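Residue numbers (my numbering), protein chains in the order written: chain P, 4 to 401; chain U, 4 to 401; chain X, 4 to 401. Backbone N, C-alpha and C fix where the C-beta goes; we use that ideal spot for every residue, glycine too. Bear in mind the structure is a predicted one, so any value in this text is a computation, not a measurement. Inspection log for the structure reproduced underneath, given as structure tokens.
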Amino acid sequence: MGANEIKNIIDRLKTKKIDMDGKDFLLTWEKSRDEIEATFLVADALRAMRDAGISPRVWDSGIAVSNFRDNSTRTRFSYASACDLLGLYVQDLDEGKSQIAHGETVRETANMISFLTEAIGIRDDMYLGEGDKYQREVGKALDEGVASGVLPSRPTVVNLQSDIDHPTQAMADFLHLSHYYGGLDKLKGKKIAMSWAYSPSYGKPLSVPQGIIGLASRLGMEIVLAHPEGYDLIPEIVELAERQAKASGGAFKRVHSMDAAFQGADIVYPKSWAPYDVMQKRVPLLHEGNQAGLKELEKQCLANNAKFKDWECTEARMKLTKEGKALYMHCLPADITDVSCEAGEVAASVFDRYRDDTYREASYKPYVIAAMILLGKSKDPAATLAGLLKRSSARSAI
Amino acid sequence: MGANEIKNIIDRLKTKKIDMDGKDFLLTWEKSRDEIEATFLVADALRAMRDAGISPRVWDSGIAVSNFRDNSTRTRFSYASACDLLGLYVQDLDEGKSQIAHGETVRETANMISFLTEAIGIRDDMYLGEGDKYQREVGKALDEGVASGVLPSRPTVVNLQSDIDHPTQAMADFLHLSHYYGGLDKLKGKKIAMSWAYSPSYGKPLSVPQGIIGLASRLGMEIVLAHPEGYDLIPEIVELAERQAKASGGAFKRVHSMDAAFQGADIVYPKSWAPYDVMQKRVPLLHEGNQAGLKELEKQCLANNAKFKDWECTEARMKLTKEGKALYMHCLPADITDVSCEAGEVAASVFDRYRDDTYREASYKPYVIAAMILLGKSKDPAATLAGLLKRSSARSAI
Amino acid sequence: MGANEIKNIIDRLKTKKIDMDGKDFLLTWEKSRDEIEATFLVADALRAMRDAGISPRVWDSGIAVSNFRDNSTRTRFSYASACDLLGLYVQDLDEGKSQIAHGETVRETANMISFLTEAIGIRDDMYLGEGDKYQREVGKALDEGVASGVLPSRPTVVNLQSDIDHPTQAMADFLHLSHYYGGLDKLKGKKIAMSWAYSPSYGKPLSVPQGIIGLASRLGMEIVLAHPEGYDLIPEIVELAERQAKASGGAFKRVHSMDAAFQGADIVYPKSWAPYDVMQKRVPLLHEGNQAGLKELEKQCLANNAKFKDWECTEARMKLTKEGKALYMHCLPADITDVSCEAGEVAASVFDRYRDDTYREASYKPYVIAAMILLGKSKDPAATLAGLLKRSSARSAI
């Protein structure tokens, strides 16, 4: 990829009608199709620049706040890599270290950390009904801060995983698919199986499967959502996916059989999650710090999970997919049978065959995040990218 | 604010007689009036540059050590923002993670962390009689390191809050006042009420009220320090403020009535702190790790606090101030009655009315810190700023 | 040092035959003599540039991973300083915070953190037989990541201390010696006493003494390794040092007397370590989390240590060295008798006399680390340095 390729991407970006400046990236379904495509194009342009040795650094200085309310390795590194690529310094807002626990309101903290801040990445996926709400509260506080002249500019909030959506994951996944199949349009009509899979752990958030069906349904894909009875996602998101699938010329089906889901699939995404009602029950227990209650809920949930150990992405199941060659996807880390656990989401031989694909899938995340930040801050992202290309400063002196 | 405004600031800076290069910023009363004003001017210049899109980045690389011996959100972010603005990378010196606990002397550590370091920010406010002492010990070690040729240059130490002063807070507060009233000279004769206020918490450091009276008394202001009997500050600091007030043509009065303090005040700063003698008693208990003793002291102290629940900044009290319109100030977070606690330092309606003002007050802190660092490192800060202005590189490619 | 001096260093670098690009720096004895010298030259060049105010910044953006599996202040700061000097942003891989504990394989993590990463620094010295192995596993995973096209380039792994070697320490130590004596060649024939010394603590890793004998034996030095009976190092490393000493025209002797070691020594390095067999016994206990077992082992080990309290670097012993003026070395922090402990590795008066020398010794570490990174990433380091010199951008606007 050289300068011409990048110019081509910028030209395509110019054709997109977008209104993202000063806005946050919280849910893919709040973004128009053009805005989704613009995000992919900016991600591709930034990656192409870096690969060509051209610095995509936008800022000379500036803070990117990192607010992780849950553990993370890959998203933390993706966010740090994205911010550093754009020239932002990542400052953790660690609520253990901070005074948030001492009665500070979200409103105040949002302003206090934002005087020289360009982006705020938030991961808050453990509390059903609260993560997305919190992110919006931060956004609203920032709007007020700008309106009252307290903040010189509006930092953009990037959802690094909420209770509802995981847009940096879903967008990276579909940018991967777009490159794998040679274009986003090629996904139309492709069958994707988003399937629950067995895991010996418990309490995995719903945001990945919700993010996948929430985005796949925008692209005219044939979606099959599969899970054992009782392992529901948030009902409103499933309904949304149904509506969106219809509108985009795709299809949406729900089944309680992994085999049925895999049948003829182009793409399979076997991944464990906790049932919606368990996630609901957890919230008050977490708030109360009710360890006994959480322990008991975990016990029940693991016992129930154990009934569905056969929900595994095995070689036999892969044979059911289109020509036996469906693309396997996972947000990683996967629970791999006989590798990371006795019985897990995927057979070792299947995972091995697709390992590099899953790594490539993950490699898009830093660029997707960087694109979200740039689009949330630039009035004319095509002009910004063209400026970087024209500047053509080297990323490295080596 | 454009280039002309910045040039004007630089011209005013040139008229100040200062000797700050190679020195630390530990206590405002160790700095001359010209040095205080120079710090404000540099802060204004840096802010104006950033607002105009001109990069105030001074360093291409360099370390800024962050040493927080107490929790902090806003000061941590202010320090990180300031350092990043100047081009420094913040590296935490976390004594939990480090080997300091294993017998390393301050002298050695100060040198070991400083080979490529430009600034060291230290917050150490919990141990009365020790915070300031520790900061001076670090400074002395750095002097020796430079003298012996171990260190290529002298990192500047910035007091991010000690047991005695909180200069980054006090300086931000008065830069806010200077802009609010249209100039530092306008503060002459203004009445400021630095008043204790009730809080349901305990052990708040003395450095904020001490910092406020220590700086207000330099500016010819009429200071009223108000607190219940027994809630003394460090006696030497109060005496210093009295002397300074006299010397600067201001006044200093001490009362045991919040009403008396608010009477006719232009500015009110109602803020809780722990009594001096309680802070003294805490130190050996903290050193011993005497949890039972600390618990008992807290109990006594909270019981005593509870006698003064009426020390609240209410609407009624605000009516006592000049035209009922005194400017309310707080270092944040405030204990707001019915918001962050049942009974606190300030009524919700008062705080609400001044919320944006307190946020603006806080917004000066990053620039004040950046100014302290620049002045501690530059032989000719006016020339340095003029160079940045002449360079006029853009802070952002957007 | 000015531009001519730097050009001279670059010219000398051009004469070295090296193959370091794309390789890791794990053990000094895996590097050729030319590669060792090249590392010293690059370190000197980077330091000279910084001293001359010329920015040695190589990268405009890029991640440097910091993976410390053991506490550290000085190495952590050295690594951060080195990375920042080159333009890299340090992102901690904190296994407490990350998902590594949840079954992620090294292979996967190595790839996930490396999409935009240039360097990975790893400290893993507590588990005998595992630290070096882990670093190689990471390196292998990165090789595979590059081979499969997952990673755009190969991050270079720097050993920040393993169970076997501590190359950043040993290289800094010998760069210090090289400058102290006026050239690496001057070390030929010099007698260095690497001696165990008493410490009231326990479990200190073997990597420092192993690193010292592993590197001294490459340089034609006369090495005396001294320790009480039973305080062995890893036998293979001692044998390696013996072989290397012979090959380089030096000598290697092992004694059980500190006096014998100090006799006529040019350089003394008195430093505590835990016996090899104790370190072996610790590993399964650490893995089991067997606190009782570790406590018991510590008790035994401290009791045994106490028999050798006379293994102290005293003034009397220093008199035995060449003209009574041997250079004292230590990786710091030293256990100083009557300062950091009742009885320790070195007498206070001896340490005081050499304090500045030990600080200078430590000051080379950031530059040695920066050199290792640059050499691991640059195909033509002489050209890279010449480019930086030609660019001559100022490190600071002051």
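Does any C-beta atom of chain P lie closer than 8 Å to the C-beta of residue i?
{"i": "Leu163/X", "result": "no"}
{"i": "Asp54/U", "result": "yes"}
{"i": "Lys19/X", "result": "no"}
{"i": "Ser366/U", "result": "yes"}
{"i": "Ser84/X", "result": "no"}
{"i": "Ala3/U", "result": "Nothing in the structure corresponds to residue 3/U, since chain U is present only between 4 and 401."}
Looking at the structure shown, is residue i part of a helix, part of a strand, or coil, going by DSSP?
{"i": "Lys194/X", "result": "strand"}
{"i": "Ala329/U", "result": "coil"}
{"i": "Asp47/X", "result": "helix"}
{"i": "Ala122/U", "result": "strand"}
{"i": "Ile21/U", "result": "coil"}
{"i": "Cys86/X", "result": "helix"}
{"i": "Cys304/X", "result": "helix"}
Quick one: what's residue i bridged to in DSSP?
{"i": "Val349/U", "result": "Cys316/U and Ile339/U"}
{"i": "Gln94/U", "result": "Val68/U"}
{"i": "Trp62/P", "result": "Ser399/U"}
{"i": "Arg285/P", "result": "Answer is none; Arg285/P lacks a bridge partner."}
{"i": "Ala113/X", "result": "DSSP, once it has assigned bridges, lists no residue as partnering Ala113/X."}
{"i": "Asp127/P", "result": "Ser165/P"}
{"i": "Cys344/U", "result": "Thr340/U"}
{"i": "Ile57/U", "result": "Ala397/U"}
Please report how far the alpha carbon of residue i lies from the alpha carbon of residue j, in whole angstroms.
{"i": "Leu228/U", "j": "Lys256/U", "result": "6 Å"}
{"i": "Pro212/P", "j": "Asp176/P", "result": "12 Å"}
{"i": "Glu147/U", "j": "His182/P", "result": "59 Å"}
{"i": "Leu44/X", "j": "Ile13/X", "result": "8 Å"}
{"i": "Asp63/U", "j": "Trp199/X", "result": "43 Å"}
{"i": "Ser395/X", "j": "Glu364/U", "result": "41 Å"}
{"i": "Tyr234/U", "j": "Arg139/U", "result": "27 Å"}
{"i": "Ser156/P", "j": "Lys26/P", "result": "12 Å"}
{"i": "Gly327/U", "j": "Ala350/U", "result": "15 Å"}
{"i": "Tyr403/U", "j": "Arg50/U", "result": "Residue 403/U lies beyond the range of chain U shown here (4 to 401); nothing can be said about it."}
{"i": "Gly106/P", "j": "Lys274/U", "result": "Any reading at Gly106/P must be qualified, since the residue scores a pLDDT of 37, below 50, and its modelled position is unreliable; the value itself is stated next. Each residue's Cα considered, the two are about 15 Å apart."}
{"i": "Ile240/U", "j": "Glu318/U", "result": "31 Å"}
{"i": "Gly192/X", "j": "Tyr331/X", "result": "17 Å"}
{"i": "Ala373/P", "j": "Met261/P", "result": "35 Å"}
{"i": "Glu121/X", "j": "Glu38/X", "result": "20 Å"}
{"i": "Glu348/U", "j": "His230/U", "result": "13 Å"}
{"i": "Ser81/U", "j": "Leu91/P", "result": "15 Å"}
{"i": "Val371/U", "j": "His333/U", "result": "17 Å"}
{"i": "Arg398/U", "j": "Asn11/P", "result": "27 Å"}
{"i": "Asp135/P", "j": "Ser165/P", "result": "5 Å"}
{"i": "Phe311/U", "j": "His259/U", "result": "11 Å"}
{"i": "Glu3/X", "j": "Glu232/X", "result": "The structure shown does not extend to residue 3/X, since chain X spans only 4 to 401, so no value can be given for it."}
{"i": "Lys17/P", "j": "Asp359/U", "result": "39 Å"}
{"i": "Thr361/X", "j": "Gly296/U", "result": "42 Å"}
Using 8 Å as the limit for Cβ to Cβ distance, is residue i near chain X?
{"i": "Tyr92/U", "result": "yes"}
{"i": "Pro155/P", "result": "no"}
{"i": "Val45/U", "result": "no"}
{"i": "Ile215/U", "result": "no"}
{"i": "Lys143/U", "result": "no"}
Would you please verify whether the beta carbon of residue i is less than 8 Å from any beta carbon of chain U?
{"i": "Ser396/X", "result": "yes"}
{"i": "Thr112/P", "result": "yes"}
Just to confirm, does residue i get its C-beta within under 7 Å of one of the non-hydrogen atoms of the ligand HEM?
{"i": "Ala389/P", "result": "Absence of the ligand HEM is noted for the structure shown, with no ligands found whatsoever."}
### Query
Which ranges does the alpha helix (DSSP H) cover as unbroken runs of at least 4 residues, wholly within the segment 216 to 279 of chain P, from first to last along the chain?
Runs found: 238 to 250 and 261 to 265.
### Query
Which runs of the alpha helix (DSSP H), 4 residues or longer, sit entirely within the segment 149 to 184 of chain X?
Taken in chain order, the complete alpha helix (DSSP H) segments of 4 or more residues contained in the segment 149 to 184 of chain X are 170 to 184.
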